[in-house]
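Residue numbers (the working numbering): 47 to 202.
Glycine included, each C-beta is placed from N, C-alpha and C at the ideal position.
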Amino acid sequence: MTQRVELAAVMDRLAVDGLVTDYAVAVDDGDWTAYRELFTSDGRADYRSAGGIEGDAGNVASWLAETLRVFAMRQHLIVNRRVRFGVLEQDTGDTARVQADYVNPMRLAGADHDESAAGAPDFVCGGRYSFGLLRTDDGWRVREVVVREKWRRLPG
Numbered sequence: 047m048t049q050r051v052e053l054a055a056v057m058d059r060l061a062v063d064g065l066v067t068d069y070a071v072a073v074d075d076g077d078w079t080a081y082r083e084l085f086t087s088d089g090r091a092d093y094r095s096a097g098g099i100e101g102d103a104g105n106v107a108s109w110l111a112e113t114l115r116v117f118a119m120r121q122h123l124i125v126n127r128r129v130r131f132g133v134l135e136q137d138t139g140d141t142a143r144v145q146a147d148y149v150n151p152m153r154l155a156g157a158d159h160d161e162s163a164a165g166a167p168d169f170v171c172g173g174r175y176s177f178g179l180l181r182t183d184d185g186w187r188v189r190e191v192v193v194r195e196k197w198r199r200l201p202g
């Protein structure tokens, strides 16, 4: 590999890593506009293994906005990111697959919790994300994300 190709691969890995981080931050912060902007126009998300829905990014964002309102605090920790670049129309590196593990502690909202105070999470789940990414004129975007929840710990 030439240095130019190696530099391009490093830059793509950094951009892909940033996209996965932006995804987690958008969900944790409840920034559903930012969430939608991370996807391609035909982007889809599948949260069925976690008791959710599957559909286009806009519908899933609306569902997440409603469903996650019960949690005053959300914090995705995404680790073990495995990135594989693919080929689209003979151009190497226009697609990527990312497999990443997550742990997601959340604290319930409600009268028995001080929303501004730090406190232990009430609910914790973990699993693996599978992202399908596409390089677009606007940078890397999510074509699909599948959540595979492996475990959860409920309050009590």
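Distance between residue j and residue i (C-alpha atoms, nearest Å)
| i | j | result |
| --- | --- | --- |
| L53 | H122 | 29 Å |
| T182 | A96 | 29 Å |
| D63 | N150 | 18 Å |
| V116 | L154 | 6 Å |
| G178 | D168 | 31 Å |
| R130 | Y93 | 22 Å |
| W78 | L114 | 11 Å |
| R59 | R82 | 22 Å |
Outcome for residue i when other beta-carbon atoms lying within 10 angstroms are tallied against a minimum of 16
| i | result |
| --- | --- |
| R189 | buried |
| M57 | exposed |
| A111 | exposed |
| G165 | exposed |
| V125 | exposed |
Neighbourhood of residue i by C-beta, 8 Å cutoff - its chain only, sequence neighbours within 5 removed
| i | result |
| --- | --- |
| D68 | A80, L84 |
| D74 | R120, Q121, H122 |
| N105 | I99 |
| S87 | none |
Assigned secondary structure, residue i (DSSP; H/G/I helix, E/B strand, else coil)
| i | result |
| --- | --- |
| P151 | strand |
| A166 | coil |
| G185 | strand |
| L180 | strand |
| D77 | coil |
| G14 | The structure shown has nothing for residue 14, since the chain only spans 47 to 202. |
| L84 | coil |
| G97 | coil |
| G156 | coil |
| L200 | coil |
Own chain, CB closer than 6 Å to residue i, minus 5 neighbours either side, in chain order
| i | result |
| --- | --- |
| A157 | Reliability fails at A157, whose pLDDT of 48 lies under 50, so the model's placement of it is uncertain and no value is given. |
| C171 | N150, E195, R198 |
| L65 | W186 |
| Q174 | Note that residue 174 corresponds to Arg in the displayed sequence, not to Gln. Correct list, in chain order: D147, R194. |
| Q145 | R128, S176 |
Near the ligand MN: residue i beta-carbon under 7 Å from a heavy atom
| i | result |
| --- | --- |
| S108 | Ligands in the displayed structure: none, and consequently the ligand MN is not present. |
Endpoints, the beta strand (DSSP E) within which residue i is located
| i | result |
| --- | --- |
| G104 | Careful: G104 lies outside any beta strand (DSSP E), inside the alpha helix (DSSP H) at 103–113. |
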